[in-house]
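Just below is one structure, and these are the notes that go with it.
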Amino acid sequence: MKLFDYAQLGSCRLKNRIIRSATFEGMADDQGRPLPSYQNLYQELASGGVGGIITGFVYISLEGKAMQSGQAGMDNEEKIDCFLPVTKEVHRYGSKIFLQLAHTGRQTRKEDTGFDVVGASNKKSPYFGGSPRELSTKEVYDIALRFADAASYAQRAGFDGVQVHAAHGYLIHQFILPSINQRKDEFGVDGESGLGTKFLEVVLAGIRKRCGSNFALLVKVSGGDDYFRGLTKEQFARFIRFLDRVKVDGIEISYGTMDNALNIFRGEIPYKVIFKYNPIFKLSNWRRRPFHNAWTYLWMRRKIKPFTHDYNLEYAKIAKELTDIPIICTGGFRRGVDMRRSLENGDADFISICRPFLCEPDLIEKLKVDENYITKCTNCNTCAVMCDSGRPTRCYRRMGR
Ligand SMILES: Cc1cc2nc3c(=O)[nH]c(=O)nc-3n(C[C@H](O)[C@H](O)[C@H](O)COP(=O)(O)O)c2cc1C
859 MKLFDYAQLG SCRLKNRIIR SATFEGMADD QGRPLPSYQN LYQELASGGV
909 GGIITGFVYI SLEGKAMQSG QAGMDNEEKI DCFLPVTKEV HRYGSKIFLQ
959 LAHTGRQTRK EDTGFDVVGA SNKKSPYFGG SPRELSTKEV YDIALRFADA
1009 ASYAQRAGFD GVQVHAAHGY LIHQFILPSI NQRKDEFGVD GESGLGTKFL
1059 EVVLAGIRKR CGSNFALLVK VSGGDDYFRG LTKEQFARFI RFLDRVKVDG
1109 IEISYGTMDN ALNIFRGEIP YKVIFKYNPI FKLSNWRRRP FHNAWTYLWM
1159 RRKIKPFTHD YNLEYAKIAK ELTDIPIICT GGFRRGVDMR RSLENGDADF
1209 ISICRPFLCE PDLIEKLKVD ENYITKCTNC NTCAVMCDSG RPTRCYRRMG
1259 R
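Adding 858 to a residue's 1-based position in the sequence shown gives its number in the working numbering.
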């Protein structure tokens, strides 16, 4: 299995096995319509030769929007024309593009969406706080329909497929995790698997029915979640068996939830940037600020996992043993030689990369020339924290981009 050979992902033939992992853009107007910078970003990535691109998460309904401003949406038919030029541009360079569909559930705030925060149950997110309202059974079916609507708009907008965001603590993940899902209806935790997979099953079935099998259906999942009584490896394995049974076209393996967001990314903790821009950590009372900041600093240092290379591979390996569905592994890939080895060892079928593409959209060419090339990204994580600033996502440390 070679990094730069053609490879099949569902109905799509990718020109190599490197995928740009979903990266929030912050490049849409207040109606969720992509701005010209959004198109330029994807044109630049596609011209750099990446096999596939997964967009940043788009909202499928207004109450499921993110806390961050500038998020793109695929919540109504009028958006189709806004995304058409983007997909056209990407296809001009022979890359494939998948729209990532998400509903934030409890991981957002009323002051940002204008709507009551809803969730699988009324359990609070430790980070976002608030008191989510548990969705009624009918509302859950309605949201599943919104996912299907968004996927069909994406298909008409020229996307090659969608990626359903079932990771990082967003709504679908909230249903899956037994530590959050306390429902008593049919969307509660299944007695046999110990997981709440029914919502995801309805979402996936709805998309397949609407878009057919020639439209790639990918899912992003988290291996672990950092919660007290969090997902065990055995439960993760059962989740993969579920995805194998419902037959998706690709599974991307990530980690964690937004409650400990820096465990999704790993690396440095840019405290100063966090305290300056993060609306949750930014305290209005300046007297309490030093105490609050010191406490946050200590808490984060204890909670955050260190950056190691290819840090989600242990979960990808579990998945590879249980299914023939292509496994995409994200998290900490920085050298071509490690990517190649992961494929050759049969630990993953595709490698997905996020932060390095922010400072090096031309990374593919560099890896082709020298597989020992080390990407310039230092995992400073300023890009991630600055998503809260309302500015378009970019690299802040390298290249002055
Ligand atoms: C700035 C930034 C934005 C991100 N946006 C998303 C997103 O919209 N959806 C998603 O599933 N993951 C998102 N991620 C997580 C990445 O897709 C990826 O899983 C993670 O960064 C690990 O890969 P890396 O080590 O190559 O950066 C984001 C990460 C960063 C740093």
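Note that beta-carbon positions come from the ideal geometry of N, C-alpha and C, so glycine has one too.
| Asked | Found |
| --- | --- |
| So, at 6 Å on beta carbons, what are the nonlocal neighbours of G1064 in its own chain, with the 5 sequence-adjacent residues on each side left out? | A1002, A1006 |
| For K1078, which three-state DSSP category applies? | strand |
| Is V1060 helix, strand or coil by DSSP? | helix |
| Using 8 Å as the threshold, is the segment 1115 to 1128 in touch with the segment 1214 to 1223, meaning 3 or more CB pairs across them? | no |
| Return yes when at least one heavy atom of ligand 1 lies under 7 Å from the C-beta of F1191, else no. | yes |
| Answer yes or no: do S869 and F1073 have a C-beta to C-beta separation smaller than 8 Å? | yes |
| Among L920, R1255, C1245, which has the Cα closest to the Cα of I1138? | C1245 |
| When DSSP builds the beta bridges, which residues end up paired with G922? | G922 is not bridged to any residue. |
| Would you mind sorting H1026 into buried or exposed? The rule is 16 or more other CB atoms within 10 Å of its CB. | buried |
| If you measure between the beta carbons of V1077 and V1106, is that distance less than 8 Å? | yes |
| Determine the DSSP secondary structure at G1194, reduced to helix, strand or coil. | helix |
| Where does S1037 sit, in a helix, a strand or coil, going by DSSP? | coil |
| Using 10 angstroms around the beta-carbon of K937, count the other beta-carbons present and answer buried if the total reaches 16, otherwise exposed. | buried |
| Ordered along the chain, which non-local residues of its own chain (more than five positions away) have a Cβ less than 7 Å from that of V1243? | P1128, V1131, I1132, Y1135, N1136 |
| Just to confirm, does S879 get its C-beta within under 7 Å of one of the non-hydrogen atoms of ligand 1? | yes |
| Between which two residues does the beta strand (DSSP E) holding A865 run? | 865 to 867 |
| Can you tell me the Cβ-Cβ gap for I1030 and L1053, rounded? I've got them flagged as a contact below 8 Å. | So it is not a contact: roughly 11 Å between Cβ atoms. |
| Report the rounded CA-to-CA distance for F1086 versus W1157, giving the unit in angstroms. | 15 Å |
| Going by C-alpha to C-alpha distance, which of G931, F1123, S1247 sits closest to H1167? | F1123 |
| Specify the secondary structure class of C1241 as computed by DSSP and reduced to three states. | helix |
| Is N1121 buried or exposed, if buried means 16 or more other CB atoms sit within 10 Å of its CB? | buried |
| Is A1174 near ligand 1, going by C-beta to nearest heavy atom under 7 Å? | no |
| Cβ of S1112 versus every heavy atom of ligand 1: is any distance shorter than 7 Å? | yes |
| Which of the three DSSP states, helix, strand or coil, is assigned to F1165? | coil |
| At a cut-off of 7 Å, would you count F915 as near ligand 1, judging by its Cβ distance to the nearest heavy atom? | yes |
| Nearest-angstrom Cα distance between Q1013 and F1033? | 26 Å |
| Quick check on Q1093: does DSSP put it in helix, strand or coil? | helix |
| Closer than 8 Å by C-beta to G1248: which residues in its own chain qualify, once you throw out the five before and the five after it? Chain order, please. | G884, Q926, S927, G928 |
| Rounding to the nearest angstrom, what Cα-Cα distance links L1286 and H1150 in this structure? | The shown model of the chain, from 859 to 1259, leaves out residue 1286, and the question about it has no answer. |
| Is E947 buried or exposed, if buried means 16 or more other CB atoms sit within 10 Å of its CB? | buried |
| If the criterion is Cβ atoms closer than 8 Å, does the pair M932 and A1008 meet it? | yes |
| Once DSSP output is grouped into helix, strand and coil, what is the label at Q965? | coil |
| Quick check: the segment 905 to 922 against the segment 873 to 888, are there 3 or more CB pairs under 8 Å? | yes |
| Below 8 Å, can you find three or more Cβ-Cβ pairs linking the segment 1217 to 1227 to the segment 1091 to 1099? | no |
| Looking at F941 and V998, is the spacing between their C-beta atoms short of 8 Å? | no |
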